[in-house]
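Residue numbers (the numbering used here): 22 to 190. Worksheet for the structure shown next.
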């Protein structure tokens with residue numbers, strides 16, 4: 022029988038959150054249309070101006086996890102990068118997640134509180150990955166819905182290789 026009260030450990034909960042983000046992101050970031058990196062929501066929704074392209078959003082999410090890894094080491098270092106080719110930034114995203122997760126999984130004390138790491142880079146990334154999911158739909162390439170409660174998500178599994186979906190619809 023599983024413990025429904027949770028671990029009580031913010032660091033482990035944060036690792037599970039990052040693994041959940043990796044699981045959901047794999048679906049959103051892979052098998053995109055060829056020109057998706059340049060797609061902007063304003064291309065599909067009249068009256069919107071100045072939105073970031075999908076590639077710009079993905080590069081920003083990569084920057085968030087580079088920043089998160091620095092914060093976990095106790096450094097406040099922000100570096101904004103320009104988008105690369107889509108597949109290169111997808112690789113960069115999963116590499117940055119892995120570095121961030123390694124910081125969370127290490128025995129060394131965190132340089133920032135787990136709660137602050139969540140409220141900064143992780144929460145921002147959740148927002149932007151959701152934007153990319155919506156942009157895929159607007160671009161005519163929606164992802165399949167899924168019962169994420171049933172998904173096999175494991176702390177530490179933060180790469181592009183994820184368990185197959187258990188219940189898509």
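Glycine is no exception: its CB is placed at the ideal position from the N, C-alpha and C atoms. Note that the structure is predicted; figures quoted are calculated from it, not measured.
Closer than 8 angstroms: residue i CB and nearest the ligand GTP heavy atom
{"i": "residue 86", "result": "Annotation note on the ligand GTP: not contained in the displayed structure, which lists no ligands."}
Proximity to residue i [Cα-Cα], best of the options
{"i": "residue 73", "options": "153, 41, 98 and 130", "result": "153"}
Pair within 9 angstroms by beta-carbon distance, residue i and residue j
{"i": "residue 141", "j": "residue 92", "result": "yes"}
{"i": "residue 143", "j": "residue 39", "result": "yes"}
{"i": "residue 86", "j": "residue 121", "result": "yes"}
{"i": "residue 10", "j": "residue 164", "result": "A query on residue 10 cannot be resolved here, the shown segment of the chain reaching from 22 to 190 and no further."}
{"i": "residue 146", "j": "residue 50", "result": "no"}
{"i": "residue 160", "j": "residue 52", "result": "no"}
Residue i burial status per 10 Å Cβ neighbour count (16 or more: buried)
{"i": "residue 155", "result": "exposed"}
{"i": "residue 26", "result": "In this prediction, residue 26 scores a pLDDT of 40, lower than 50, which makes its location untrustworthy; the coordinate-derived value is nonetheless stated afterwards. Under this definition residue 26 is an exposed residue."}
{"i": "residue 100", "result": "exposed"}
{"i": "residue 47", "result": "buried"}
{"i": "residue 188", "result": "exposed"}
Three or more C-beta pairs under 8 angstroms: does that hold for the region 74-87 against the region 101-120?
yes
Just to confirm the assignment: which complete alpha helix (DSSP H) runs, minimum length 4, are found wholly within the region 92-154?
107-126 and 135-138
If you pair each beta-carbon of the region 131-148 with each one of the region 56-64, do three or more pairs fall below 8 angstroms?
no
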